[in-house]
C-alpha cells in the first residue's frame with residue numbers, strides 16, 4: 001500500500017478518536033468515577049479484591065477508606081509471585097509482561113506489571129491519541145508520508161516461567177500493531193538489540209537511508225543518536241539528511257537542558273516538539289497544542305487518579321483528594337489505580353495543574369531528591385548507599401556533599417559532578433571516583449545503562465571542598481540551624497555553582 005494512501009486513511013481514523021476525547025473533556029469527573037467502578041468490578045474476585053472486599057465498594061469514599069495507599073515495596077512480594085506464574089493475584093487476567101525500571105531503596109530494579117488491558121487500552125491508545133492531537137493541530141502534516149525514528153530499550157525474557165521483562169519501550173515495540181510497525185524505523189530486530197553501542201551504529205546505518213518524518217524517544221539518548229547520525233553523514237544539520245522531518249515526540253526526562261542543542265541540529269523554526277508524560281506504570285498526559293508546555297491529563301486510559309498535596313505529603317495530616325478537588329498551581333504527588341492491578345500506588349512523581357477545565361498539568365518533580373537529566377533516575381537512597389560502600393572500601397570519612405548534572409554540550413556526553421568535603425581524604429582520588437562510579441552502577445540499573453560504554457554519561461567528576469565549605473554556604477544563605485539541610489541531589493546546577501564559587505574563597509564571613 002502506498003504511503004500517501006496510508007497517510008490519508010490513518011488521518012481519518014485518528015481524527016475520529018477526537019470525538020471520544022471530547023467526552024472526558026466535558027465530563028471528566030464522571031468518566032473517572034465510572035472507571036473506578038469498572039476497575040473494582042473487574043478485580044473483585046482476585047486475591048487483592050477479596051482482601052479488601054471490592055464487591056461491596058460502591059463509591060469513592062469507601063474505596064478511599066478501605067484500600068491503603070501503597071508503594072512498590074508493598075507490592076513487591078505479590079509482583080514476584082506473578083512473575084513466577086501465579087494468576088489472579090491483583091488483576092483478573094494473566095500478566096505477561098513486566099516493565100523493568102530503576103530500583104527503590106534496597107532493590108536494584110522494579111518490575112511493573114503490564115496487562116493486556118493496559119498495553120492496549122493505555123499505552124497503545126496513548127500512541128494513537130498523540131498522533132490524533134498532532135494531526136488535528138497540523139492539518140497539512142505529511143507525517144505518514146515517511147517513517148518515525150523510534151529509540152527504545154532492549155528486551156530480556158524471564159526464562160523460568162515464560163513471562164518477559166524489559167524496558168517499557170521494548171515491550172511496546174515487541175507488541176506493536178502492524179500499522180505502527182509499518183511506519184517506524186529501525187526494524188524490530190535492531191530496535192530490540194541489547195548491546196547499546198552496536199545498536200546505535202545499526203540504527204544509524206538503517207535510518208539514514210529512510211525518509212524520516214518524526215522522531216520519538218528520550219531526549220538524552222536521542223541526542224546521542226542524532227549526533228552519531230551527523231558524524232556518520234558529515235551533515236551540519238538533520239534536515240540535510242531528512243528533509244521532511246517535522247516533529248519530535250519526547251518524554252522521560254526534562255527537555256529544557258537539551259532544547260538549545262536540539263535547535264542547533266534542527267534549525268528550522270517550523271519544526272515542532274511534542275511532549276508526553278508516561279512511565280512504566282502507565283501513560284498519563286499528552287501535549288495537545290503546538291508550542292505548549294502544558295500536558296492534557298488523559299482520563300480514559302484505565303487509570304484512576306488521586307492526589308496528595310505536597311504540603312501534607314508524608315506528614316501525620318497527609319490528605320488524599322480525587323481529581324475533582326485539585327486546585328491550580330499547587331504541587332501534588334500522584335496516586336494511581338490501574339488496569340494492570342496497581343491499587344492506590346505511589347509513582348513518586350509530582351505535578352502542578354495549570355488548568356482544571358480541562359485538566360492540564362506540568363510535571364514538577366519527584367517526591368524524593370533525585371537526578372533524572374539523562375534518564376538515570378538517581379535517588380538519594382542510591383547515592384547514600386553507593387557513597388557508604390565507597391567510604392568503607394577506601395577508609396575515608398566525609399562531612400558533606402552534593403551532586404548535580406554536567407549537561408551535554410555539542411557532542412560531549414553528560415556526567416554527574418560531586419563536591420565532597422572530606423574529614424579523612426582518600427589516598428587516591430581517582431580510585432575513589434572509580435569505586436563510587438561502580439557502586440552507583442550496582443545500586444541503580446538505569447545509571448548503569450547510561451554509563452555503559454560512556455554512551456550517555458561519562459564517569460562522574462569530584463571536586464574536593466575546602467574545610468567548612470558547606471557550613472559557610474548555609475551561613476551565607478541564612479540557613480544555619482533548625483531543619484535546614486544541604487541539598488543532596490538536584491537536577492539543576494544552582495547549588496553546585498554557588499558552592500564552586502564559594503570554594504574559591506578561604507572562608508565566608
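In the UniProt record's numbering, the protein residues as written are 1 to 509. Glycine is no exception: its CB is placed at the ideal position from the N, C-alpha and C atoms.
Inset, instruction - In angstroms with no decimal places, state the Cα-to-Cα distance between residue 402 and residue 63. - result: Cα-Cα distance, rounded: 41 Å.
Legend entry - Distance, residue 209 Cα to residue 147 Cα: If you take the alpha carbons of residue 147 and residue 209, they lie about 11 Å apart.
Inset, instruction - Return the CA-CA distance between residue 184 and residue 119, expressed in angstroms with no decimal places. - result: One alpha carbon belongs to residue 184, the other to residue 119, and they sit about 18 Å apart.
Legend entry - Backbone secondary structure at residue 426 - three-state DSSP: If DSSP states are grouped into helix, strand and coil, residue 426 belongs with coil.
Legend entry - Inter-residue Cα distance where the pair is residue 341 and residue 167: Spanning the alpha carbons of residue 341 and residue 167 requires a straight line of approximately 19 Å.
Legend entry - Buried versus exposed, by CB contacts within 10 Å (16 or more), residue 264: Its Cβ having fewer than 16 others within 10 Å, residue 264 is exposed.
Legend entry - Own chain, CB closer than 7 Å to residue 105, minus 5 neighbours either side, in chain order: Because residue 105 sits at a pLDDT of 41, beneath the cut-off of 50, its placement in the model cannot be relied upon, and the following sentence gives the value as read from the coordinates. Excluding sequence neighbours, residue 105 sits near 381.
Legend entry - Short Cβ contact (8 Å threshold) for residue 31 with residue 299: It is a contact, given that the beta carbons lie within the stated cut-off.
Inset, instruction - Note down, in chain order, each residue of its chain lying with its Cβ closer than 6 Å to the Cβ of residue 42, except the 5 sequence neighbours on either side. - result: Answer for residue 42: 92, listed in chain order.
Legend entry - Top-ranked residue by Cα proximity to residue 179, from 489, 283, 131 and 162: Selected option, being the one with the closest Cα: 131.
Legend entry - Cross-strand partners of residue 416 (DSSP beta bridge): DSSP lists 405 as partners of residue 416.
Legend entry - Backbone secondary structure at residue 391 - three-state DSSP: Three-state DSSP puts residue 391 in a helix.
Legend entry - Same chain, Cβ closer than 8 Å to residue 482, five either side skipped, listed in chain order: Because the pLDDT of residue 482 is 45, which lies under 50, any placement of that residue in the model is unreliable, and the number read from its coordinates should be weighed accordingly. Nothing meets the Cβ criterion.
Inset, instruction - Spatial neighbours of residue 307 within its chain, please: CB distance less than 6 Å, with the 5 preceding and 5 following residues excluded, ordered by chain position. - result: Cβ within range, chain order: 321, 326 and 332.
Legend entry - Terminal residues of the alpha helix (DSSP H) in which residue 449 lies: Residues 445 to 451.
Inset, instruction - Specify whether the stretch 342 to 352 and the stretch 64 to 73 touch according to this definition: at least 3 beta carbon pairs, one from each stretch, less than 8 Å apart. - result: Three or more pairs of CB atoms, one per stretch, sit closer than 8 Å, so the stretch 342 to 352 contacts the stretch 64 to 73.
Inset, instruction - Grab the span of the beta strand (DSSP E) containing residue 306 for me, first residue to last. - result: Note, residue 306: beta strand (DSSP E), 303 to 309.
Legend entry - Short Cβ contact (8 Å threshold) for residue 279 with residue 297: With contacts defined as CB atoms closer than 8 Å, residue 279 and residue 297 fail to qualify as a contacting pair.
Inset, instruction - Using a threshold of 8 Å, state whether the C-beta atoms of residue 444 and residue 378 are closer than that. - result: Contact: yes.
Legend entry - Three-state secondary structure (DSSP) of residue 183: For residue 183, the secondary structure class from DSSP, reduced to helix, strand or coil, is coil.
Legend entry - Coil, strand or helix - residue 37 by DSSP: The answer is helix: DSSP assigns residue 37 an H, G or I state.
Legend entry - Distance between residue 460 and residue 414 (C-alpha atoms, nearest Å): Each residue's alpha carbon lies about 9 Å from the other.
Inset, instruction - Would you mind reading off the limits of the beta strand (DSSP E) that contains residue 217? - result: 212 to 217 is the span of the beta strand (DSSP E), which, as asked, contains residue 217.
Inset, instruction - To the nearest angstrom, report how far apart residue 59 and residue 305 are at their CA atoms. - result: When rounded, the distance between both Cα atoms is 14 Å.
Inset, instruction - State the start and end residues of the unbroken beta strand (DSSP E) segment that holds residue 349. - result: The continuous beta strand (DSSP E) containing residue 349 extends over residues 345 to 356.
Legend entry - Separation of residue 359 from residue 46, as counted between CA atoms: Between the alpha carbons of residue 46 and residue 359 lies a distance of about 32 Å.
Legend entry - Limits of the beta strand (DSSP E) - the one that residue 111 falls within: That run of the beta strand (DSSP E) goes 109 to 114.
Legend entry - DSSP-derived helix/strand/coil call for residue 204: Under the three-state reduction of DSSP output, residue 204 falls in the helix class.
Legend entry - C-alpha distance - residue 463 paired with residue 34, whole-angstrom precision: Distance between the alpha carbons of residue 463 and residue 34: 55 Å.
Inset, instruction - Sort 319, 275, 52 and 452 by Cα distance to residue 249 and report the nearest one. - result: Taking residue 249 as reference, the option from 319, 275, 52 and 452 with the minimal CA-CA separation is 275.
Inset, instruction - Please report the residue range of the beta strand (DSSP E) in which residue 166 lies. - result: Here the beta strand (DSSP E) through residue 166 covers 164 to 166.
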